[in-house]
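Residue numbering for the sequence shown follows the numbering used here, beginning at 569 and increasing consecutively. Heads up: the structure comes next, in structure tokens.
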Amino acid sequence: MEGRRVLRDVHGHRGDRATRRRGAEAGPRPHRRDPQPRRSGAIVRRDRGARRTDADGCQIEAGRQRVLHEERLGVRRPAQQVRRARRADVPAARRLTRRGSEGRAHRAGDGDTARARVEDAGRAARSRRQLPQDVARAARLARAAPAVGAVLRRRRLADSGVDRRRAAAVLPRARLARRHRARGRLAHAAPLACRARRWKRCARSTDTRLGELLGQEYVKRTFPPEAKARAVAIVENLIAEFRQRIQGTAWMSDPTKREALAKLDAFGRKIGYPDQWLDYSKLTIVADDYFTNARAADRWSWRRDWAKVNKPTVRTEWGMTPPTVNAYANSSLNEIVFPAGILQPPFFDPNADDAVNYGAMGAVIGHEMSHLFDDQGRKYDKAGNLRDWWTKEDADRYVAQADRIVKQFDAYTVVDTATHVNGKLTLGENLGDFGGLTVAYYALQHALGNKPRTPIDGFTPEQRFFLGWAQVWRELMRPEFARFLVSSNPHSPGEWRVNGPLSMMPEFQAAWGCKEGDPMVRKAEGRAKIW
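Right under this line is the structure:
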């Protein structure tokens, strides 16, 4: 009863959802004035943003602000069965429509969906108007949070939907098949066609549930302290160069430059692995029971998350595990995160010279840094608060430069002349590539100083820098998949991630002796200059 009362205080009289049946089991709900059950054919359920399913029915995970796109990583999520919309849902749908998307909190790494349209770059970040009922509900949530936590801690975790859903995903294939035949549907587990091979499922499960424990062994084998020290040194040089880029940029006004420099001073960087690992001492793992281990790890993670309620944000936590081959920028914490998994060849090689590492890893780090200062990063100040620190004049000048890049990439084709890159869809990532290359190139020049430019394998340091960038984005895919990525991926295809920004750089043309009129030389009036 106590749990129902607490949840009713938060959600209202119909908020104790645990006591009601859902989906197909619940059946149609009768209308208040008409006892005959009916469903409204006029209500159409709209798919939530960025939820897509492939040919096997697997739901493709929504994007994040990452270096690599999920389609390239093969990240998939099981499709879930949901109930149809009812008449009672109309008021809630109207409330959601009225609220819009501007009031949603920015989570770590959630910005790698399609970047804002060019004209949106000139708009100030606006929060939705706060309504009295919103204030009242927020107050109820704040008062009820400790009580809700106490109720849930006393409740058996095995009864929660989260535990049942995750438990279904670790069942053996034969058990899943019997479950599917018995229930006629598989609400919380992936279709059998979507299930990866056993060793992949085990590796993925271990990384998901014991990421930092696995990461300690991964780091010990692949990322020694010397490699981390060298990577950190490159990052510090990039930050110093980015400071000079901000001070010398033409489109920023002086007040905006001061805000940008203050944000850069507060800039956080997480490289390789955490300075302090998670403590797994309270988690019991046995050697012969995978199902029990998975549930124990889920419970441990659940309790750990609930222990954070009503406490300050833990800024030392990582949103990716050390073995992950990816990276992200987090605007709400004003930081970038580069796990040890991506600090491997071809992105980073401790045995390679600085020119190659700056061209590969250095440019990628510069790419993520630039996201914190672009048309999306402008919405967050140095503390990660939602506040626009650009002026309207700054935004107008930025849009004028960005529009050139949109037109440039709109002209690029993939597979055939009928399939074009979407310049607006890929704008944010193209700007990140261009800015990252510019910052990394001049950071390399300052790192080399007056040292002799000794050729290696017949290539100068400047040429090796650009070769390092090109090697990172080598790829080979089927034409059908290439067309699919062009329509959905906010990153340009690898060919144009290389040739696009390099054709705008006089530094590239000087390094390789390109002349006016060559394919890799754009006319001066068509070049953009951001950093």
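Glycine included, every Cβ here is placed at the ideal spot set by N, Cα and C.
To the nearest angstrom, how far is it from the Cα of residue 796 to the Cα of residue 984?
-> 43 Å
Exposure of residue 1024, with buried meaning 16 or more beta-carbon neighbours within 10 Å = exposed
How long is the line joining the alpha carbons of residue 791 and residue 868, rounded to whole angstroms?
-> 28 Å
Burial state of residue 1093, where buried means 16 or more other Cβ atoms lie within 10 Å | exposed
Would you call residue 942 buried or exposed, if buried means 16 or more other Cβ atoms sit within 10 Å of its Cβ?
-> buried
Measuring CB to CB, does residue 805 end up less than 7 Å from residue 1008?
-> no
Unbroken beta strand (DSSP E) run spanning residue 984, endpoints | 984-988
What did DSSP end up calling residue 1022 once you bin it into helix, strand or coil?
-> coil
Comparing the C-beta of residue 818 with each C-beta of chain C, is any distance below 7 Å?
-> As a matter of chain content, chain C is missing from the structure shown, which is built from one protein chain.
Environment of residue 845 [buried if 16+ CB atoms lie within 10 Å] | exposed
Could you spell out where the beta strand (DSSP E) holding residue 794 opens and where it closes?
-> Careful: residue 794 lies outside any beta strand (DSSP E), inside the alpha helix (DSSP H) at 793-816.
Residues that residue 905 bridges to, as DSSP identifies them | 838, 896
Are there three or more Cβ pairs, one per stretch, closer than 8 Å when the region 1019-1033 is compared with the region 1051-1070?
-> no
Out of curiosity, what's the CA-to-CA distance linking residue 1022 and residue 1028?
-> 6 Å
With DSSP collapsed to three states, give me the class of residue 832.
-> helix
Within 7 Å, strictly: CB atoms of residue 830 and residue 1019 | no
Is it true that the region 1055-1075 meets the region 984-993, where meeting means three or more beta-carbon pairs spaced less than 8 Å apart?
-> yes
So is residue 947 buried or exposed if we call it buried at 16+ other beta carbons inside 10 Å?
-> buried
For residue 1027, which three-state DSSP category applies?
-> strand
Which residues mark the beginning and the end of the alpha helix (DSSP H) in which residue 780 is found?
-> 779-790
Identify the continuous alpha helix (DSSP H) that holds residue 930 and give its terminal residues.
-> Per DSSP, residue 930 belongs to no alpha helix (DSSP H) and is neither H nor E.
Does the pairing of the region 769-781 with the region 874-890 give three or more beta-carbon distances under 8 Å?
-> yes
Going by the beta-carbon positions, is the gap between residue 1096 and residue 1005 smaller than 7 Å?
-> no
Can you tell me where the alpha helix (DSSP H) with residue 1014 in it begins and where it stops?
-> 995-1016
At least three beta-carbon pairs within less than 8 Å, the region 975-983 to the region 897-917 = no
Could you check what DSSP says for residue 848 in three-state terms: helix, strand or coil?
-> coil
Of the choices 899, 980, 1000, 961, whose alpha-carbon is the least far from that of residue 953?
-> 899
Expressed to the nearest angstrom, what Euclidean distance is found between the alpha-carbon atoms of residue 832 and residue 966?
-> 19 Å
Name the residue from 918, 894, 884 whose alpha carbon lies nearest to the alpha carbon of residue 903.
-> 884
Is the distance from the Cβ of residue 918 to the Cβ of residue 837 below 7 Å?
-> no
Starting from the C-beta of residue 1105, find all residues in its chain whose C-beta is less than 6 Å away, skip the five residues before and the five after it, and write them out in chain order.
-> Summary: the structure shown does not reach residue 1105, with the chain confined to residues 569 through 1099, and so no result is reported for it.
Extent of the continuous alpha helix (DSSP H) run through residue 1098 = No alpha helix (DSSP H) contains residue 1098, which DSSP labels as neither H nor E.
When the distance is taken between beta carbons, is residue 1011 closer than 7 Å to residue 809?
-> yes
Look at the alpha carbon of residue 841 and the alpha carbon of residue 782, and state the distance between them as a whole number of angstroms.
-> 11 Å
Kindly list the residues whose CB is nearer than 8 Å to the CB of residue 787, restricted to its own chain and excluding five residues on each side of it in sequence; keep chain order.
-> 840, 841, 890, 908
Rounded separation between residue 672 and residue 1046 - CA only = With a pLDDT of 37 at residue 672, under the threshold of 50, the modelled position of this residue cannot be trusted, and the question is left open.
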